[in-house]
Amino acid sequence: MIEKRKIDEILGGYGDFKIATICSHSALQIFHGARQEGVKTIGIVKEENKRFYSSFPYAKPDEFIVVDSYAELPIETLIEREAIIVPHGSFVEYVGEKLDNVAIPIYGNRGSLLWERDRLRMIEWLKKAGLNIPKTIHPEEINGPAIVKFPGAKGGAGYTIVKSYGEFLQKIKKENVIVQEFLSGVRAYAHYFHSKTSDTGYKTSNGSLELLGIDRRMESNADEIARYLSIDMKIPLSFAVIGNEPMTLRESLLPKMMEMGRRVIETGEKLFGTMWGPFCIETIVMDNLEIYAFEISARIVAGTNLYASGSPYSLFMFGESMSMGRRIARELKDAWKKKLIKNIIY
Ligand code: AMP
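Just so we're on the same page, the working numbering is the position in the sequence shown counted from 1, plus 4.
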């Protein structure tokens, strides 16, 4: 991984900063939020998407850098323009492992993105944080519904449910899969923000934690399965993310959710240094009200797109409309003013 010192040197040459990201995933929200905070933005875009991203007057970037492929970032141009990258899900996917060595300031921590990418490491992170997690099952021991996850699967596409070792052997041809007990409950994806600059919020060892929203993903076709069952169509469950729905949680579950966020941060800090900015814990809440966590996203998640004008929780936290995109821009602005920017960029 590129040395932090090198990133600090690049940042040291900046007289101001702009927020840059790839035009995909949650880019509209990131640009819109930055605009609300008066921070200039750069959209890294493919020619064919420029027309779309130009069509929202309040969410288009201030300038575009057109590229042929998102796998090759225009590093020199970005540095010349004093860009800080805000990574999102598609960014992590398109840039892939190259992200570790890209010589450009990135908001948050590269280390956490590395842990997020590797499912076994992520499970270790959740375990060390003391969260309830679904059991990982050896294929020979499958005895009841289990979900088979593939490495590098994007947004749940291709996951398969099997109920026995025989079915596993018959259906699963890929290697390096992870088999987990299939939990039944209500899914809830909590959007957190860990701030270095704020002195409000839920205290953590080095900063403060904010809960800005909760969503539920709509996955095809798992979330429409009742329609098929009602007409006796037998369709296997699948989990390709199509969109998101807003949700709130029973208020009595929120303190637990907040504690889970704190523990994920403090464990992350021990495992890979610091952990700043947006992240999400994907959970399933069982009927006994126990919360199980099955995934962490160590960056902005697309579920936050629901709350471009704020969520109930962000309203309680800020008293004004505060999207995750806006929160990121405000944090960068405050950290810049307070000369703390190097602490939250790597
Ligand atoms: P992931 O790639 O881990 O985010 O999972 C994609 C989707 O699969 C989730 O949004 C859930 O709907 C489903 N899923 C993942 N793990 C489990 C599990 N252990 N039990 C039940 N559903 C799961």
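Glycine included, every Cβ here is placed at the ideal spot set by N, Cα and C.
Residues sharing a beta bridge with residue i, DSSP
| i | result |
| --- | --- |
| VAL245 | GLU223 |
| PRO282 | PHE197 |
| THR140 | GLN184 |
| ASN147 | SER168 |
| LYS153 | ILE182 |
| SER301 | CYS284 |
| PHE68 | GLY47 |
Counted within 10 angstroms of its Cβ, other Cβ atoms place residue i as buried (16 or more) or exposed
| i | result |
| --- | --- |
| ASP219 | buried |
| ALA3 | Nothing about residue 3 can be reported from this structure: the residues present for the chain run from 5 to 350 only. |
| ALA161 | exposed |
| PHE172 | buried |
| LEU124 | exposed |
| GLU120 | buried |
| LYS342 | exposed |
| ARG303 | buried |
| TYR111 | buried |
| TYR174 | The question names Tyr, but residue 174 in the sequence shown is Gln. Exposed. |
| ARG221 | buried |
| PHE56 | exposed |
| GLY314 | buried |
| PHE243 | buried |
| GLY19 | exposed |
| VAL152 | buried |
Whole-number beta carbon distance between residue j and residue i, since they are thought to touch under 8 Å
| i | j | result |
| --- | --- | --- |
| VAL99 | ALA63 | 22 Å between Cβ atoms; not a contact. |
| ASN136 | TYR317 | Contact doesn't hold; Cβ gap of about 22 Å is too wide. |
Coil, strand or helix - residue i by DSSP
| i | result |
| --- | --- |
| GLY47 | strand |
| TYR111 | strand |
| ALA87 | strand |
| LEU257 | helix |
| VAL106 | coil |
| GLY217 | strand |
The ligand NAD heavy atom lying under 7 Å from the CB of residue i
| i | result |
| --- | --- |
| ARG191 | You won't find the ligand NAD in this model; what it holds is the ligand AMP. |
Does the contact criterion of 3 or more C-beta pairs under 8 Å hold for the region 278–289 versus the region 6–25? no
Check whether the region 221–229 and the region 251–260 are in contact - that is, three or more C-beta pairs closer than 8 Å. no
Does the contact criterion of 3 or more C-beta pairs under 8 Å hold for the region 27–41 versus the region 50–70? yes
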